[in-house]
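Just below is one structure, and these are the notes that go with it.
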Amino acid sequence: MKKQIYFTVLAAVALITLSCCSKKAEPVKNEAPKSEVKAEAPAVVSEGWLDCTSLKSIYIDSGIFEHIGFAVPAYNLAKQNIMDGIKYHVSSITLENETKPDTFMRNFANGITIDDMEIFTSSKGVSIRVPIQERIHFITLDNAMKNCKENGIMMRGHVLVWHSQTPRAFFCEEFNPGKPFVSTEEMDARQEWYIKSVLEHVTAWEKANNDGKHIIYAWDVVNEALSDNATADNYLRDASSSAWYAIYQSEDYIVNAFRYANKYAPNDVLLAYNDYNEFQGEKHNGYLKIIDSILDAKDDKTLPARIDIAGMQSHNQTAWPSISEYETCIKNFIAKGLDIQVTELDITGSWKGGNNFEKANPEAQKKTYYDYFKLYQKYRKTDSTNGISGITFWGITDEVSWRGAAAPLLFKGFKTKPAYYGVIEAAK
């Protein structure tokens, strides 16, 4: 989704939380008439996120899922009070923005001079000029991988190919944003060069700094290529919103991305297609068609494609989608022979238009999280069956969520909400 929305309040929240956590939680006020008040211990309003049962102990240590994760801005990884909570609760993170194309290509925005170019020859024999590797901004990623290594955390890579948060210069002649788009042949070579550059950099870093063991265990290879107004015949984002489609006029760029990711990623790094409203009508059907196109290329003798994971973003609402609609989506992906990762989970109240959502009712939100985690366990991956292998919450606390006003997450001010207990109780 549109994670471009940034918040800068996290440091302030942490300070507030230190004060709040020292205070004893107030019991819930019972407004029933005295004759109806039951002689029970008052319910706990909330606990500090280091004082409650860890999500990891419930869902990872017990072997239910392979990963539970949070989306996190890279700058928070250096804050030990935040990292302490991350490594307590989860086994995996997704960087909100720092592994997207516009971060890696941040130096491309104003074009590339000839002195900063070199020749790249693609697998199809097309030779083009590309920026030298030193122009790709890997510093933030390297620091994030270092922090993950030091804290025993793994990472999902998000994302290699996306219509959004990709510099226009990447699609233009001479990497000059003022010039026309390049040909399909050149764009194909650029796509291969970019995917090769990113994946080989990560592999080299892991070899040099982590004995070759993976920090990044999965990549969203292509993100959000499907149209919100999908029909049976036209299910991809069109040229008005996607430079990829403007150049290709087909889904070839999607299949090619999985060819190149397969070529340059280690075989045990999982490759995912990722999208939102992935359960909905013709958009869901379009998702299945994309999977089929990638699978059709898996036995290609020259450049075979590989897809391992269907990414379900799951930016959902307490009353939408229905559990049955969501379950059908899960079953259809598993039937394709894929595992599933729930990649960007959060739950709000009802949609009000645009990027506006009602604040989630706490008890309704708790029940929805409970229902989802019951469903996730029903379809979890096992040694003998495909299924759901991991769940990532899109953020840590409501205050820094991209949909913060709608209170979509499990924690507020680093203290538990009813939603957290819905997730915990679902494992019982």
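Just so you know, we're using the working numbering here: the sequence shown kicks off at 108 and counts up by one.
The beta-carbon is built from N, C-alpha and C at its ideal position, and this holds for glycine as well.
Every value quoted in this text rests on a predicted model; they were computed, and no experiment measured them.
Judged by DSSP in its simplified three-state form, MET419 adopts strand. For LEU202, the enclosing beta strand (DSSP E) has its first and last residue at 199 to 202. In the structure shown, the three-state DSSP call for VAL289 is coil. Under the three-state reduction of DSSP output, ASN369 falls in the helix class. For the beta strand (DSSP E) assignment, the uninterrupted runs of no fewer than 3 residues enclosed by the segment 153 to 207 are, from N- to C-terminal side, 174 to 179, 199 to 202. The Cβ neighbour count for GLN187, taken over all protein chains shown within 10 Å, is under 16; the residue is labelled exposed.
Taking a 10 Å sphere around the C-beta of LYS231, we find fewer than 16 other C-beta atoms and assign the residue as exposed.
ASN381 counts as buried, since no fewer than 16 other beta carbons sit within 10 angstroms of its beta carbon.
Put simply, of LYS485, SER169, THR504, THR310 the residue whose alpha carbon is nearest the alpha carbon of ILE495 is LYS485. In the structure shown, THR475 adopts helical secondary structure according to DSSP, grouped into three states. Inclusion of PHE464 and GLN424 in the CB contact set at 8 angstroms is warranted, their separation being smaller than that value. Excluding the 5 residues flanking it on each side, SER153 has same chain C-beta neighbours closer than 7 angstroms at ALA132, LYS522, THR523, LYS524, in chain order.
In the three-state reduction of the DSSP assignment, HIS321 falls in the coil class, being assigned neither a helical nor a strand state. With respect to the C-alpha of LEU516, the residue from ILE454, PRO208, ILE171, ILE430 having the closest C-alpha is ILE454. In this structure the segment 427 to 440 does not touch the segment 361 to 377; the number of beta carbon pairs closer than 8 angstroms is below three. Taking the Cα of PHE211 as reference, the smallest distance to any Cα among ALA364, TRP156, ILE243, ASN204 is reached at ILE243. DSSP places HIS391 within a helical segment (H, G or I) once states are collapsed to three.
A residue is called buried once 16 or more other Cβ atoms fall within 10 Å of its Cβ, and ILE354 is buried on that count. Following the DSSP letters along the chain, one finds GLU451 inside the beta strand (DSSP E) bounded by residues 446 to 455.
A Cβ-Cβ separation of about 40 angstroms leaves ALA426 out of contact with ASN369 under the 8 angstroms criterion.
VAL449 is positioned such that its CB atom lies closer than 8 angstroms to that of TYR483. If you draw a straight line from the Cα of PHE365 to the Cα of ILE401, it is about 7 angstroms long. Secondary structure note for TRP501: it is in no alpha helix (DSSP H), with a DSSP letter that is neither H nor E. Pairing LYS396 with ILE414, the inter-Cα distance amounts to about 13 angstroms.
Around the beta carbon of GLN420, a 10 Å sphere encloses 16 or more other beta carbons of the protein chains shown; the residue is thus reported as buried.
With contacts defined by Cβ atoms closer than 8 angstroms, ALA467 and LYS390 do not form a contacting pair. Straight across, the Cα-Cα distance linking SER334 with TYR342 is about 6 angstroms. Just so you know, the alpha carbons of ASN363 and ASP295 end up roughly 8 angstroms apart.
When C-alpha distances from VAL309 are compared across GLN298, SER234, THR504, ILE322, the shortest belongs to ILE322. The segment 311 to 322 and the segment 267 to 278 do not touch, with fewer than three beta-carbon pairs separated by less than 8 angstroms. Comparing C-alpha distances from VAL289 to each of ILE235, TYR301, LYS314, ILE503 shows the shortest one belongs to ILE235.
Checking the DSSP bridge columns, you'll see PRO274 has no partner listed.
By the beta-carbon neighbour count (other beta carbons within 10 angstroms, threshold 16), ILE226 is exposed. For ASP327, the closest C-alpha among the options ALA372, SER198, LYS256 is that of ALA372.
Inter-segment contact for the segment 159 to 171 and the segment 250 to 266 is absent: fewer than three beta-carbon pairs are separated by less than 8 angstroms. By the criterion of a C-beta distance shorter than 6 angstroms, ALA471 is surrounded in its chain by THR425, once the five residues flanking it on both sides are discounted.
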